[in-house]
Amino acid sequence: MNKKKKTISLSWQYKLSRKVIHLRIYLILIFIIITSFFIAVLRDIKIETHLQDFLPQRHPFIKVQNQLTDIFGGLNQVSLAFKVKEGTILNKDSLEKIISLTEDLYLIKGVNISRINSIASRHIKHVRVDKEGFYVERLLRTPPQTEQESRQLKQKIMMNPNIYGKMVSKDFKSTFIQVDFSSKVKTSYIFSVLRGLKNKYEDKKTQIFIAGRPILEGWLNFYLPSMFKILFLSFLVISVILYLTFRSKRGVILPLLDSFMATLWGMGAMKLLGFRLDPSTILVPFIVLSLGISHSVHTLKRYYEEMRVPQMKSKHAVVNTVAHLFLPGLACVLTDGLGFLSLILVPLPTIKSMALASGLGILANFLTSFMFTPCLLSFLHRPKILEVKREEQHLWVDRLLSKISIFSLNKQAGTVLVVGFMALSLISFLGIRKIIIGDNTEGTSYLYPESPYNKAEKFINKNFGGTNSYYVLVSSPDSLLKVDKLKAIDDFQTYLSREVPQIGASLSLVNAIKALNMFMFEGKREYFKIPENNQTIAQYWFLYTLSGFPSDYDYLVSRDEKFSNIKFDLRDHKSSTVDLAVRKTKEYFSQHKFKGVKFSYGGGDIGILYAVNQIIKNTILPNALFISILIFLYVSFIYRSFLGGVFLLLPLIFSNLLVFSLFGFLGIPINTEMLALVSLSEGLGVNYGIYILARFFDEFKEKRRTFKNILYHTLITSGKAVFFSGFIVSLGILVWVFSPILFQARLGGVLCLSLVLNMIISLVMIPVFIWWIKPEFLFGKVRRRFLRKEGGVL
Amino acid sequence: MRWLFIFAGCLLLNLGVFAEKLEYHKVYTPQEGMSAEEIMKIMYHNKYSLFARDYQQTGEVLYVDPSGFTRKRVWKRQRIVKAGQEGISYKDLVVMTYPTELKGLAVLTWTYEDPQKDQNVWLWIPSLKKVRKISASEDDDAFMGSDFTVEEVSTRRFEDESYKLIGSKNFPGYKFEHTGEVKFKDKPCFVVECTPLKPHWYYSKRIVWIDKDTGGNIFEEYYDKNGKLFKTLFREWVWTDLGDKKYPSQISLECKDLRTNHRTVILMEDTKYDQDLSEYDFTVKALMRSRW
Numbered sequence: 008m009n010k011k012k013k014t015i016s017l018s019w020q021y022k023l024s025r026k027v028i029h030l031r032i033y034l035i036l037i038f039i040i041i042t043s044f045f046i047a048v049l050r051d052i053k054i055e056t057h058l059q060d061f062l063p064q065r066h067p068f069i070k071v072q073n074q075l076t077d078i079f080g081g082l083n084q085v086s087l088a089f090k091v092k093e094g095t096i097l098n099k100d101s102l103e104k105i106i107s108l109t110e111d112l113y114l115i116k117g118v119n120i121s122r123i124n125s126i127a128s129r130h131i132k133h134v135r136v137d138k139e140g141f142y143v144e145r146l147l148r149t150p151p152q153t154e155q156e157s158r159q160l161k162q163k164i165m166m167n168p169n170i171y172g173k174m175v176s177k178d179f180k181s182t183f184i185q186v187d188f189s190s191k192v193k194t195s196y197i198f199s200v201l202r203g204l205k206n207k208y209e210d211k212k213t214q215i216f217i218a219g220r221p222i223l224e225g226w227l228n229f230y231l232p233s234m235f236k237i238l239f240l241s242f243l244v245i246s247v248i249l250y251l252t253f254r255s256k257r258g259v260i261l262p263l264l265d266s267f268m269a270t271l272w273g274m275g276a277m278k279l280l281g282f283r284l285d286p287s288t289i290l291v292p293f294i295v296l297s298l299g300i301s302h303s304v305h306t307l308k309r310y311y312e313e314m315r316v317p318q319m320k321s322k323h324a325v326v327n328t329v330a331h332l333f334l335p336g337l338a339c340v341l342t343d344g345l346g347f348l349s350l351i352l353v354p355l356p357t358i359k360s361m362a363l364a365s366g367l368g369i370l371a372n373f374l375t376s377f378m379f380t381p382c383l384l385s386f387l388h389r390p391k392i393l394e395v396k397r398e399e400q401h402l403w404v405d406r407l408l409s410k411i412s413i414f415s416l417n418k419q420a421g422t423v424l425v426v427g428f429m430a431l432s433l434i435s436f437l438g439i440r441k442i443i444i445g446d447n448t449e450g451t452s453y454l455y456p457e458s459p460y461n462k463a464e465k466f467i468n469k470n471f472g473g474t475n476s477y478y479v480l481v482s483s484p485d486s487l488l489k490v491d492k493l494k495a496i497d498d499f500q501t502y503l504s505r506e507v508p509q510i511g512a513s514l515s516l517v518n519a520i521k522a523l524n525m526f527m528f529e530g531k532r533e534y535f536k537i538p539e540n541n542q543t544i545a546q547y548w549f550l551y552t553l554s555g556f557p558s559d560y561d562y563l564v565s566r567d568e569k570f571s572n573i574k575f576d577l578r579d580h581k582s583s584t585v586d587l588a589v590r591k592t593k594e595y596f597s598q599h600k601f602k603g604v605k606f607s608y609g610g611g612d613i614g615i616l617y618a619v620n621q622i623i624k625n626t627i628l629p630n631a632l633f634i635s636i637l638i639f640l641y642v643s644f645i646y647r648s649f650l651g652g653v654f655l656l657l658p659l660i661f662s663n664l665l666v667f668s669l670f671g672f673l674g675i676p677i678n679t680e681m682l683a684l685v686s687l688s689e690g691l692g693v694n695y696g697i698y699i700l701a702r703f704f705d706e707f708k709e710k711r712r713t714f715k716n717i718l719y720h721t722l723i724t725s726g727k728a729v730f731f732s733g734f735i736v737s738l739g740i741l742v743w744v745f746s747p748i749l750f751q752a753r754l755g756g757v758l759c760l761s762l763v764l765n766m767i768i769s770l771v772m773i774p775v776f777i778w779w780i781k782p783e784f785l786f787g788k789v790r791r792r793f794l795r796k797e798g799g800v801l
Numbered sequence: 059m060r061w062l063f064i065f066a067g068c069l070l071l072n073l074g075v076f077a078e079k080l081e082y083h084k085v086y087t088p089q090e091g092m093s094a095e096e097i098m099k100i101m102y103h104n105k106y107s108l109f110a111r112d113y114q115q116t117g118e119v120l121y122v123d124p125s126g127f128t129r130k131r132v133w134k135r136q137r138i139v140k141a142g143q144e145g146i147s148y149k150d151l152v153v154m155t156y157p158t159e160l161k162g163l164a165v166l167t168w169t170y171e172d173p174q175k176d177q178n179v180w181l182w183i184p185s186l187k188k189v190r191k192i193s194a195s196e197d198d199d200a201f202m203g204s205d206f207t208v209e210e211v212s213t214r215r216f217e218d219e220s221y222k223l224i225g226s227k228n229f230p231g232y233k234f235e236h237t238g239e240v241k242f243k244d245k246p247c248f249v250v251e252c253t254p255l256k257p258h259w260y261y262s263k264r265i266v267w268i269d270k271d272t273g274g275n276i277f278e279e280y281y282d283k284n285g286k287l288f289k290t291l292f293r294e295w296v297w298t299d300l301g302d303k304k305y306p307s308q309i310s311l312e313c314k315d316l317r318t319n320h321r322t323v324i325l326m327e328d329t330k331y332d333q334d335l336s337e338y339d340f341t342v343k344a345l346m347r348s349r350w
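Read top to bottom, the protein sequences are chains A and B.
Here the first sequence stands for residues 8 to 801, numbered as in the numbering used here.
Here the second sequence stands for residues 59 to 350, numbered as in the numbering used here.
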């Protein structure tokens with residue numbers, strides 16, 4: 008023990024720890040000042056959803072989308088369905104409600120009045136054609152007063168292919184309304200106003216469904232209080248387990264306090280750098296808190312271990328603890344923190360916020376866990392012997408860890424274990440192949456299938472054209488209202504509608520021109536085509552826009568007629584559908600070239616999802632590799648051995664393979680929020696390994712005679728800390744499975760599983776590998792010592 | 059006492075004029091003491107130039123979006139007032155002259171005395187050399203793709219609204235965006251509140267400022283169901299001197315949609331009255347001749 012003390016007291020870590028404790032008052036004051044500063048910074052922090060935060064701005068598709076938004080507006084689009092529970096909508100009461108609802112939509116602040124599509128909208132017309140001419144009238148201005156008028160309305164609807172099955176369901180039980188808001192309008196406002204209208208018009212006879220991106224964001228905001236409750240519950244569970252682990256107030260308060268401080272620092276720094284929190288990154292503070300608690304558990308465990316020596320003073324125990332944990336702690340924090348910070352390269356502001364808050368919070372955690380907590384601990388009186396003993400009263404854990412040490416030394420068991428791991432790894436590749444990037448359900452994977460939002464999406468997609476838009480921008484140096492340009496648009500529109508079965512409806516200015524041409528020729532079907540004369544097209548367009556207000560056709564053609572768009576409504580946004588739509592578009596434009604007209608894709612929900620999915624695909628593996636390389640290099644550097652790096656990397660790769668294969672086997676889609684999982688899973692996983700390996704290193708320096716002895720000591724000290732920190736954090740996170748938000752529940756479940764796997768693998772695999780390979784960086788000195796003494800048993 | 063009888067007689071005579079329809083080919087102006095209904099009848103009489111036998115003018119429509127981007131359309135308009143002959147109130151012909159690709163596109167409208175009877179409208183499409191009969195635009199449709207509705211320019215009738223006189227006030231002035239000039243500052247006006255009688259209409263009420271001099275509606279404010287102002291409409295009324303008589307005429311209009319910040323300006327030039335236009339020019343046959 009004396010020699011060990013001597014070795015440590017000569018080390019620079021020891022000198023540094025002594026210095027830290029020497030300056031403890033100043034350090035605590037500095038920590039308090041910095042924390043107060045960040046509290047002030049965070050005082051008015053708001054959780055806001057900004058659509059732009061979810062878009063990779065440099066992606067060509069998002070550039071197209073931004074162009075589309077600038078020219079035509081329309082990204083804040085909401086879909087409503089008005090459904091009657093009995094009978095059809097063709098009765099006075101229901102139609103009166105539809106008219107009134109449409110009127111109310113026109114009155115909402117920030118609504119794009121030219122983009123309210125309802126059967127009662129001012130621009131939805133019925134056209135009657137005869138030999139003399141054609142007659143246009145509002146489809147639904149006032150509800151029909153007689154049975155005959157109702158029948159006439161039904162006829163008008165059935166005759167119009169743009170309305171029947173698209174705006175009115177084929178069973179006449181529901182009608183579809185689309186409404187668009189200015190991109191400046193907050194989604195929380197849209198959500199609350201439309202929910203208000205839903206409450207106003209829903210009754211025993213009527214049901215209203217609302218879907219669309221602003222509504223989804225509104226629901227996520229709506230569930231925030233429940234999310235906070237879950238996080239609070241999680242916090243409580245962690246506190247209780249901390250108490251059960253340490254059986255002391257300091258064992259509960261100190262880990263929570265230092266982790267909380269680090270979280271504040273990280274979030275404060277994020278806010279100072281101009282980033283913000285949104286419902287999908289709200290879990291960030293908890294991630295930092297979890298990692299922080301994990302480090303603090305190691306600090307406290309080591310402290311109590313030092314305190315087993317009866318005459319040990321608190322101050323000295325703290326110095327020893329910091330000296331021992333400084334390097335592994337730094338290794339953990341650097342790999343975790345830099346791992347998260349590497350996500351800053353992901354071109355999504357929401358992920359950047361998460362990367363900054365988490366990365367900086369984790370780096371700050373090094374200071375709070377290995378400086379602030381030790382400084383505070385050094386001021387506290389020596390824990391009573393009873394407290395130290397109580398902390399050690401986890402005999403079942405000791406027995407378990409002891410069994411693990413015996414198991415690890417059994418060559419046969421080890422072989423079975425390693426072969427088993429390898430077999431599982433191979434199987435996990437099958438699961439990984441099945442991983443889906445993006446959504447794999449009709450609705451959103453953020454919420455449960457039975458959530459009101461997903462029910463609404465399902466209903467709308469089943470009965471109408473679809474809620475998922477896909478836009479292609481068409482541009483030309485001069486007017487697009489020319490025969491050849493319109494034919495180019497028409498050809499592509501027809502092609503994609505045929506090739507992608509999920510397309511429920513499509514719209515471009517060609518629809519209007521072809522319909523007008525047919526009306527001019529007595530409604531004959533053979534004239535539903537683009538006329539062959541440029542002047543006729545210009546005159547048709549003028550006539551078409553004659554009864555509309557100046558902004559009524561802005562969604563279709565720019566006022567200088569140089570820009571237009573083709574809109575496809577798709578019935579789902581599954582990853583396979585998104586890929587198919589984009590692939591077919593690419594194929595078409597690689598085979599067809601046009602003069603004087605340019606097609607740019609892809610905007611709308613489908614384009615955005617494709618861009619985001621591509622970002623995830625391009626990011627997830629490099630991010631995992633970056634963290635792995637970081638871990639490998641750092642561990643190799645500390646132990647001056649590449650084998651050391653491999654020792655930590657192998658279990659980590661294995662546990663990650665298993666976790667990600669589960670995504671594939673269970674059909675859990677990977678979306679942007681799951682990027683954090685990679686960093687967190689690797690970070691926490693490697694932490695366990697680093698602490699165990701560091702302890703091995705220390706124990707090998709001791710004069711323990713056998714590897715069994717070394718292994719046993721490592722496992723009941725650091726192994727025990729790993730077990731408890733894993734247990735505390737994973738159980739805390741497991742509470743998330745009760746969240747009303749599916750992605751939080753899934754994240755909680757998968758993260759918990761990942762932590763448990765990482766913990767088990769670190770506790771079992773690292774000893775087996777060490778015993779099998781007997782690496783030079785650990786065994787070198789010992790082997791030499793044993794060779795000198797001849798008789799040592801290894 | 060004699061003066062009192064004369065005054066009462068004059069008053070009854072005057073009321074008698076307004077108890078029935080105003081006569082064609084006569085100019086009326088609003089007077090102090092008139093009811094809101096009387097003032098509005100005169101306004102409509104002047105709006106549709108029912109004082110003249112015929113008129114023609116050139117109209118230039120400027121569509122100005124919030125960024126300042128402006129589109130232009132030019133039309134030539136002719137109207138013959140039939141004064142109820144064969145049940146027809148007036149016949150109207152609008153021909154597009156600019157831009158080039160729209161040149162010659164023409165719309166002929168016959169408006170009947172009976173407000174229940176629909177207008178007859180024919181459309182001439184020069185590129186197809188076809189005349190098609192079309193339905194009249196609905197009153198709340200846009201007028202020629204502008205911020206004005208059809209009824210604001212051409213179809214709203216006295217019977218469409220109920221009226222309440224708010225009082226006599228001096229008009230505070232209107233800044234005509236097209237030239238930047240402030241127009242009609244301190245002009246004495248009657249202020250009338252008009253409420254539409256049609257259900258589910260696009261406004262809940264409008265406040266109209268009627269110029270006491272010309273009887274023209276120089277400014278209108280449109281309010282939605284929530285009582286929020288969403289549109290303003292300015293008309294510049296002047297007297298057109300024809301030597302032996304003078305007629306009230308509109309020479310410019312500006313409509314601003316406060317929700318979209320888009321505005322439409324209509325500038326009328328070369329207005330000529332009583333030119334003895336031939337009725338033949340207001341027939342489908344003449345339309346097909348495509349003189350423009």
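Beta carbons are placed, not taken as given, at the ideal position from N, Cα and C, and that holds for glycine.
How big is the Cα-Cα spacing for residue i and residue j?
| i | j | result |
| --- | --- | --- |
| A/Leu370 | A/Leu337 | 9 Å |
| A/Ile627 | A/Lys53 | 29 Å |
| A/Phe745 | A/Ile237 | 7 Å |
| A/Ile634 | A/Leu684 | 12 Å |
| B/Thr116 | B/Trp295 | 16 Å |
| A/Phe179 | A/Phe471 | 11 Å |
| B/Lys283 | B/Pro257 | 12 Å |
| A/Val729 | A/Gly739 | 15 Å |
| A/Arg578 | A/Gly450 | 10 Å |
| A/Leu553 | B/Tyr305 | 30 Å |
| B/Ala66 | B/Lys99 | Confidence in B/Ala66 is poor, its pLDDT being 42 and thus under 50, which makes the residue's placement too unreliable to answer from. |
| B/His236 | B/Leu311 | 10 Å |
Please tell me whether residue i and residue j are closer than 9 Å, where the distance is taken between their beta carbons.
| i | j | result |
| --- | --- | --- |
| A/Met772 | A/Val425 | yes |
| A/Tyr547 | A/Ala519 | yes |
| A/Tyr646 | A/Leu785 | yes |
| A/Lys441 | A/Gly603 | no |
| B/Phe216 | B/Glu81 | no |
Could you pull the start and end residues of the beta strand (DSSP E) that residue i belongs to?
| i | result |
| --- | --- |
| B/Leu255 | That residue, B/Leu255, is in no beta strand (DSSP E); it is neither H nor E in DSSP. |
Check for me: the alpha helix (DSSP H) holding residue i runs from which residue to which?
| i | result |
| --- | --- |
| A/Pro658 | 649–673 |
- Query: Which ranges does the beta strand (DSSP E) cover as unbroken runs of at least 3 residues, wholly within the stretch 149–204 of chain A, from first to last along the chain?
  - Reply: Correct list: 181–188.
- Query: Taking any Cβ of chain B, which residues in the stretch 135–154 of chain A have a Cβ under 9 Å from it, in chain order?
  - Reply: Listed by position along the chain: Arg135, Asp137, Glu139, Gly140, Phe141, Tyr142, Val143, Glu144, Arg145, Arg148, Thr149.
- Task: Just list the beta strand (DSSP E) runs in the stretch 504–529 of chain A, keeping only unbroken ones of 3 residues or longer that don't cross its boundaries, in chain order.
- Result: Within the stretch 504–529 of chain A, the runs of beta strand (DSSP E) that reach at least 3 residues and sit entirely inside it are, in chain order, 510–514.
- Message: If we require 3 or more residues per run, which beta strand (DSSP E) segments fall completely within the stretch 108–160 of chain B?
- Response: Counting only runs of 3 or more, we get 112–122, 128–139, 146–156.
- Task: Tell me the start and end of each unbroken alpha helix (DSSP H) in the stretch 13–54 of chain A that is at least 4 residues and wholly inside, in chain order.
- Result: List check, alpha helix (DSSP H) in window: 19–29, 31–49.
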